[in-house]
Structures are given as C-alpha cells and as structure tokens.
Amino acid sequence: MARCPMAEMQASAGRSRPRLAWLEPALLAFLLLLGAGLRFYRLDASSLWSDEGNTWALMGRSFARIAQDAAADIHPPGYYWLLKLWTLAFGADVIGLRSFSALAGTLLLYGIYRIGVLLGGRRLGLLALLLAALNPFLVYYSQEARMYMALALAGTGLFWALLVLMAAPAGRGSPRAVALGYVAAGAIGLWLHYSFPVLLAAAGLAYLWHWWQGAPRRWQDLGRFVGLNAVVLALFLPWLPTALSRVRQWPKGGVPIGLGEGLQMLLETLLFGPLRQTPEPTWPWLVAAGLLPLLGLWALRRREQAVALGLWLAAPPALMFGLGLFSEAFLKFLLTMAPAWCLLAAAAAWLLPRRPGPGMALLAAGGLALAALTLPGYYRDPTARDNYAGVARYVAALGDPAQDLVLLDAPGQQEVWAYYDPGFPVLALPQQRPPDPEATLATLAEAVADRRQVFALFWATDEADPDGLVERWLDQQAFKGLESWQGNLRFVVYTLPNRLTCTALQPPAALEGGITLTGLCQPQVPQQVAAGDVALVGLRWQAEAPPAARYKVTVQLLDARSQVIAQHDSEPAGGSQPTDTWQPGTTYVDNHGLTIPPGTPPGVYRLIVAMYDPATGRRLAGPQGDHMALGEVHVQRAARPIPSDILPVQHRSDIVLGPVRLVGYGLHRKGFSHQPEAPIQPGDLVHFTFLWQAPSPLPADWPADLQFTLRLGEQVLTAPLAGGLYPTGQWQAGELVRGEFDLPYDGSRERPILTVAGDLYRLSPLPR
C-alpha cells in the first residue's frame with residue numbers, strides 16, 4: 001500500500017535525526033533570532049500614523065476609560081488593555097508602543113514552527129518558520145502599534161490547540177494545558193478584534209469534519225469541544241452586547257470587486273503587505289503565491305489536518321469577499337491567514353516525499369530573495385507609513401508658531417499630530433460629519449485671517465470632507481506651494497496673500513484666443529525668497545469671449561541656463577475657475593505659489609508664465625512668444641536646515657559618494673516633469689535632478705569644486721555638483737544643494753551610471 005507524503009516526510013526526518021540532532025535546535029534558534037531581529041530592527045524608523053496615534057492617546061487613560069472609549073469605537077478593548085500593561089513597563093514612545101507587536105510577531109513564528117512539526121516533522125516546521133520570518137507582510141505589521149499581529153498570534157494559538165485536540169486518541173480527552181490554550185486563544189482573540197469569530201467558525205467546522213470522519217464517532221469528544229467553545233463565549237459575554245451593537249454599525253469602507261481582482265489583491269498582500277517597493281515583474285511572484293498553498297494542500301491530502309489548514313486559509317478572505325471589505329484599509333485582516341499560507345507553502349516541498357530537498361531549497365531561496373528585494377527599501381523609506389514625524393520636522397524648521405497655522409483636514413489626525421506637535425496652533429476641520437459648509441468655511445476664514453502660512457495635512461478626506469470644502473477654499477484664497485505625498489498623507493503648504501502689491505500691466509499681455517493677462521501681484525519686486533519657501537505670483541485674467549478649451553497656466557522659475565528650477569501648473573484658481581467657463585468682462589483671480597525647491601543654489605532667477613492646452617501641450621502665443629516674463633526672483637540660502645525625508649524625491653538613495661551624500665535624484669524626459677514615467681526614446685533629452693547634502697562638520701579637505709561624472713550609454717557629462725552655479729567651496733555643513741542637468745539618450749544603455757570621487761552608483765533604468 002502506498003504511503004502518504006507526510007508519513008514519508010516524518011520517516012525521513014526520523015532517519016536523519018540522530019546524525020543532525022544538534023543542527024535542528026541550532027537552526028530553530030537562528031531563525032527565531034533572525035525573525036526577531038527583522039521585527040525589532042528600526043522600530044522607530046517610520047512615523048506613527050493616525051490609527052497608531054489613537055493607540056498612543058489611549059495609553060494615557062485609565063483601564064475603565066479605555067473600555068468606555070472602545071465601546072464607541074470599532075474595536076474591543078482587549079488589545080489596549082494588554083498594551084497599557086506593556087507600556088507601564090516599557091514606556092509609551094514609538095519603540096515602547098511597537099515592541100509589543102514585535103514580540104507578538106516573534107512568538108507567532110514559534111507557533112508556526114510548532115504547527116509545522118505537528119504536521120510533518122521538524123524540517124517542515126523550520127521551513128515554514130523561515131518563510132514566515134522573512135515575509136514582508138508579517139514583518140510590517142510586527143512593527144505597528146495596532147492589534148493585528150496579536151490577533152494573528154491568537155489565531156495561530158487557536159489552531160495549534162485545535163490540531164493537538166484532533167490528534168488526541170478518541171475517548172481519551174485532551175491534555176488540560178491544550179484545552180486551556182484553546183480557551184485562552186479563543187477568548188483573547190474575541191477581545192482583540194470583532195473579526196475573530198470567523199476563525200472560531202473555521203476551527204469548529206474543522207473539528208466537526210474530524211469528528212464526523214472518526215470511527216467510531218464519540219459524542220463525548222464532540223461534547224468536550226462544544227464545552228470549550230462555550231467557555232470561550234462565556235469569557236466574552238460581558239462585552240457581547242456592545243460587540244453586537246458595534247458590528248451592526250460597522251462602517252463599510254470597501255467595495256464589492258470581482259474574483260480575479262480580489263485574488264490579485266489578496267496575493268499581493270500576502271507577499272508584500274503595504275510595502276511600496278516590490279519586485280518587477282510581480283506576476284511570477286503572484287503565480288507562486290497562489291500555487292504554493294494549493295500544492296501544499298495536495299501534499300497533505302491524506303491527512304485530516306489539511307481540512308483544518310484549508311479552512312484557516314479560506315476563512316478570512318471569505319469574510320472579506322462576503323462583506324465587500326477589499327480595500328487598503330481592510331487588507332490587514334488577511335494577517336490571520338498568513339500563518340496558514342506559510343505552512344502550506346512549506347508543505348509544497350513534499351510533493352516528492354522521497355526528495356523534498358530541492359523543493360525546500362527553492363522555497364528558502366525564494367523567501368530570501370523576496371526579503372532582499374523588499375525589506376531594505378522598507379526600512380529606509382520614511383513614507384512607509386504616513387510620515388507625520390517628517391511633516392512635524394518640516395513645520396518646525398520652516399514655520400513660525402506666531403504667524404503660521406497647522407490645519408488637519410480630518411479631525412481623526414489630532415491624536416497622532418499631538419504626539420509630534422512642535423508647538424504650533426492647530427485647527428481640525430470639518431468638525432462634524434457631514435460637514436456644515438457655512439460653519440466650516442466661516443471657522444476657516446477666521447482662523448487664517450492673520451496668518452502667514454497654513455500647513456495643511458489632508459488624510460481620509462473622502463470620509464471627513466467629501467466635497468473638498470476646506471481644500472477648495474484654500475486653493476481659491478491662498479497660494480498653494482509645496483505639495484508632497486507622505487504615505488497616504490498629503491502635505492500642502494499654503495501662503496496667505498496678506499502683503500501683496502498688485503500692478504496693472506500696461507499694456508495688458510494679450511494671448512491668442514482673446515485671453516489677456518491684465519495684472520500681476522507680488523509681495524515685492526524683485527522677490528527675495530529663501531530655498532524651501534514660496535514665491536507668490538498673483539495673476540489677473542480676462543477674456544474677450546468664452547475660451548473654446550480648458551487651458552492650464554504654468555508659472556516657472558528658470559536659471560541662467562534656462563533650466564526649469566521650479567514649476568507650478570494648474571487650471572486657474574486651483575482648478576475652481578476653468579477657462580471654458582470664463583465670461584467677458586470678468587476678472588479672474590489666479591494665485592500660484594511657486595515652491596523654491598530646497599537646495600536651490602542662491603542666485604538670480606527668471607520668472608515666466610504661459611498658458612497651454614493640456615491635451616496637446618501647445619502654448620498660446622503672445623507678444624513675447626510662447627511665454628511672458630514676470631521679472632526676477634532672488635533666491636537665498638535657507639536660514640535653517642530643511643529635513644530631507646519630507647522632500648518629494650522621485651528616487652530616494654541616501655548613499656555616500658566620496659565626501660558627499662546623494663539624498664536622492666530624479667530622471668525624466670525633458671519637459672515631462674509632470675509625467676516622470678513618460679517613455680524615453682533614443683534622441684530624447686533626459687533631465688536629471690540630483691539632491692546632494694554636505695557632511696557635517698565639513699572635513700578639512702572639503703573640495704572647493706567637487707565634480708561628478710554621469711554616463712548614459714556612450715554619452716558622458718562631467719560637471720560641478722550644482723552645475724557651476726554654486727561651487728562646493730561655498731556650501732555649509734549639512735546643507736542641501738540640488739543640481740539640474742540634461743544628457744541625450746542614444747539608445748545604447750538604459751541605466752545611467754553616476755561617479756563621484758571614484759565611487760560609482762547605478763541609477764534606476766530610464767522609463768521605456
């Protein structure tokens with residue numbers, strides 16, 4: 001009679017154990033330490049985000065107050081109670097808050113190992129442990145101060161106890177410790193999250209299948225299992241009425257999607273989690289992620305544990321498909337199925353039970369490759385989570401609490417901002433849902449009346465401000481400057497037009513189509529602006545007749561080489577006054593805030609404006625050609641250092657080349673800064689932007705004019721770091737300096753090579 005694959009696996013493991021008795025415990029310890037290291041490494045590298053801010057705020061409250069607040073929330077209080085006990089010992093800073101999840105993630109690894117041993121021996125346990133230790137999805141949420149990693153641990157504990165109960169001889173009962181473990185895991189899971197009943201249901205179905213397949217069927221075994229679940233429910237009874245009430249009122253944040261799209265999101269989440277840096281192409285990884293658990297189920301097909309693992313794997317996505325929860329906010333619910341995926345993926349190596357070695361090696365190599373391609377970028381990325389910490393540093397560096405205001409467009413940001421608040425006045429709007437337009441705008445107008453700048457943080461605006469009341473008012477009444485995505489947080493700097501001087505143009509600048517620029521408003525002539533600040537340009541337009549198309553306005557700052565240093569493109573009045581709605585005789589106010597990029601070398605720059613058709617890119621002709629000169633802007637060195645992690649950089653490198661640091665760079669087809677992924681063809685000019693940072697302190701041998709070499713195919717450019725406008729001998733310690741350069745692409749090689757002082761760095765391939 002043929003032997004089952006798992007029996008072959010356990011037999012082969014047993015034959016090798018005497019010779020390698022020392023190796024398996026050593027591997028177990030090494031993999032647990034590796035997993036712990038990945039989870040505790042740089043716990044504070046990324047900012048707390050909004051939900052973590054809520055967690056932090058609750059830690060300052062009593063246990064009773066936590067329960068009271070949780071009763072009005074969509075989570076039970078169990079996680080917050082456990083975390084409060086933890087923070088009493090380890091503190092409530094970022095590391096203190098997140099280390100609880102890191103510990104839970106490490107304990108989860110051991111739970112996966114124990115289940116693997118139960119299924120097929122130590123080799124299966126070790127392989128599953130390796131896959132879980134390296135999994136980016138599990139690493140990411142092991143570094144977040146929320147309940148989801150503890151929830152995954154509770155689910156793993158529940159299924160470990162279930163499998164041990166199923167393995168107990170019929171009629172013999174089960175070890176008391178295992179029964180207590182089942183009850184503890186089940187009760188803790190219910191107190192952690194309202195989705196946990198789906199795992200209890202999966203465990204119940206698995207045990208019912210096991211009991212039904214048994215011969216003979218013993219009612220006392222089924223009765224014991226029902227009794228254990230009754231105890232689990234009894235331990236949750238005090239909170240059950242509140243739970244039922246909250247679940248009925250649970251807001252729907254997802255949308256129904258097709259099976260194919262849902263499966264793609266599921267597999268991407270299991271492999272990469274929320275990480276933004278993923279391997280390209282992704283489809284081979286997704287195919288493997290989908291096939292491996294199926295192959296693992298096939299390898300386990302003759303063992304009743306396969307049913308339990310299959311139900312464990314299927315229950316969370318079934319819940320999400322059933323309730324339409326497939327959106328970014330709910331994908332973390334899939335954490336509870338990730339341990340089952342790791343176990344089944346590892347079991348796939350035993351499809352050939354007599355020769356599992358090649359499969360084990362291939363899976364281990366795949367896990368290592370996935371971690372190597374994703375985790376380094378995650379640890380370095382300041383926007384891996386919504387970067388409130390970086391925004392706060394930027395506000396502290398460039399703002400003035402006596403003149404400026406922080407605006408939170410979505411009051412749910414108040415707790416996390418309070419953690420990082422550098423001491424600025426704060427206004428959270430809208431103050432109610434749905435927003436009251438009249439009250440909201442009146443409050444906003446009063447708050448900004450005497451302010452110089454507004455630092456606006458836009459987050460979850462589809463829920464808090466679905467009509468865009470706050471942003472539209474600011475776009476119309478203020479000058480929009482820096483706009484930067486920091487994770488899912490959008491950070492925008494507005495400057496108020498409090499001290500503008502307006503001048504009527506004599507004669508007005510007439511463009512084709514009957515459009516006329518009649519006036520220009522600026523704070524002073526010429527404007528004196530520090531790098532990182534905003535040049536203010538107020539335009540006044542009129543039209544002889546309604547224009548036939550919706551045109552855009554571009555305001556640009558050019559250096560002596562006519563390189564575009566800064567640019568702001570939008571429809572008039574931030575898009576609220578499109579040109580195809582203009583009427584004759586009406587003056588249209590069009591404000592543009594031109595952010596002078598941090599690191600712009602000091603000097604005199606030209607300011608120009610043009611209007612163009614976004615469909616074709618063609619500019620409207622005027623008296624000066626395709627643009628109009630607006631005067632000069634004198635750029636000065638920033639008075640205070642600017643935090644580099646908040647700056648919008650296309651490719652963040654943060655690497656030392658010779659004596660200087662390359663913070664990041666951008667590359668795109670010249671003239672396509674608004675579309676950096678536009679394909680670059682042979683013969684096109686490629687525009688490069690380099691953001692450098694001087695060391696602090698400056699070394700004694702700091703060069704007077706450090707140069708770089710840039711090679712693209714057969715084309716080579718050697719130039720000073722800032723293009724000769726600002727030699728390194730004039731730089732200050734720690735100063736950010738940017739350089740803008742063009743190089744033709746001859747089609748011979750797609751990956752540029754940058755060299756500074758003998759150090760070589762390969763840039764990202766050109767978009768093709």
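Quick note on numbering: the sequence shown equals residues 1 to 768 in full-length UniProt numbering.
Quick reminder that beta carbons are idealized off the backbone N, C-alpha and C, glycines included.
Every value quoted in this text rests on a predicted model; they were computed, and no experiment measured them.
Could you tell me which residues DSSP puts in a beta bridge with residue i?
i	result
H568	V555
D742	H687
M628	V609
K480	Y494
H674	None; H674 has no bridge partner.
Y588	W541
A719	F708
Y665	H651, F690
G593	L536
Q583	BP columns for Q583 are empty, so no partner.
Quick one: grab the DSSP three-state call for residue i.
i	result
G14	The predicted position of G14 is uncertain, since its pLDDT is 48 and thus under 50; no value can be drawn from it.
L647	coil
V183	helix
E438	helix
I753	strand
T242	helix
S764	coil
R619	strand
M1	Its pLDDT being 41, under 50, M1 is placed unreliably by the model, and nothing is read from it.
V660	strand
A168	coil
D759	strand
I66	helix
R248	helix
D381	coil
D654	strand
Q730	helix
P358	helix
L725	coil
G399	coil
W702	coil
G603	strand
Beta carbon of residue i: closer than 7 Å to some heavy atom of the ligand SAH?
i	result
T600	Although the ligand SAH was asked about, the structure shown includes no ligands whatsoever.
Following the continuous beta strand (DSSP E) through residue i, name the residue where it begins and the one where it ends.
i	result
W541	534 to 543
H210	It is not in any beta strand (DSSP E) - H210 instead sits in the alpha helix (DSSP H) that spans 197 to 213.
R711	707 to 712
Q528	527 to 530
T501	501 to 511
So residue i is in the alpha helix (DSSP H); what residue range does that whole segment cover?
i	result
I515	Counting along the chain, I515 falls outside any alpha helix (DSSP H), though it belongs to the beta strand (DSSP E) covering 515 to 522.
F333	Taken as a continuous stretch (DSSP letters only), F333 belongs to no alpha helix (DSSP H), as it is neither H nor E.
T87	78 to 90
L343	338 to 347
W219	219 to 236
E52	50 to 58
A45	Note, A45: premise wrong, no alpha helix (DSSP H); not H, not E.
Hey, which unbroken runs of the beta strand (DSSP E) at 3 residues or more fall wholly within the stretch 250 to 319? none
Segments assigned beta strand (DSSP E), at least 3 residues, entirely inside the stretch 405 to 475: Correct list: 426 to 429, 453 to 458.
Are the stretch 150 to 169 and the stretch 297 to 308 in contact at 8 Å, needing three or more beta carbon pairs? yes
In chain order, each alpha helix (DSSP H) run of at least 4 residues that lies wholly inside the stretch 96 to 151: Runs of the alpha helix (DSSP H) lying entirely within the stretch 96 to 151, each at least 4 residues long, are 122 to 134, 136 to 141 in chain order.
Contact between the stretch 407 to 416 and the stretch 47 to 58 is defined here as three or more beta-carbon pairs at a separation below 8 Å; is this criterion met? yes
Taking one C-beta from the stretch 342 to 349 and one from the stretch 112 to 126 each time, how about it: are there three or more such pairs within less than 8 Å? They touch, by the three-pair rule.
Examine the Cβ distances between the stretch 610 to 629 and the stretch 654 to 670 and report whether three or more of them are shorter than 8 Å. These segments do not touch.
Can you find at least 3 beta carbon pairs, one from the stretch 564 to 578 and one from the stretch 588 to 597, that sit closer than 8 Å? yes
Hey, is the stretch 348 to 355 in contact with the stretch 293 to 305, meaning 3+ C-beta pairs nearer than 8 Å? Yes, the stretch 348 to 355 is in contact with the stretch 293 to 305.
Does the contact criterion of 3 or more C-beta pairs under 8 Å hold for the stretch 420 to 440 versus the stretch 452 to 471? yes
Stretch pair the stretch 31 to 43 + the stretch 129 to 148: three plus CB contacts closer than 8 Å: yes
Does the stretch 643 to 656 touch the stretch 611 to 623, meaning 3 or more C-beta pairs lie closer than 8 Å? no
Counting pairs of beta carbons, one from the stretch 754 to 764 and one from the stretch 705 to 720, are three or more of them closer than 8 Å? yes
Give a yes or no on contact between the stretch 712 to 730 and the stretch 686 to 702, applying the rule of three or more CB pairs nearer than 8 Å. yes
Contact the stretch 445 to 463 vs the stretch 485 to 493: 3+ CB pairs below 8 Å: Judged by Cβ distances under 8 Å, the stretch 445 to 463 makes contact with the stretch 485 to 493, as three or more pairs qualify.
Given 8 Å, three or more beta-carbon pairs between the stretch 372 to 387 and the stretch 23 to 32: no
Meets three-Cβ-pair contact criterion under 8 Å: the stretch 528 to 537 and the stretch 441 to 448: no
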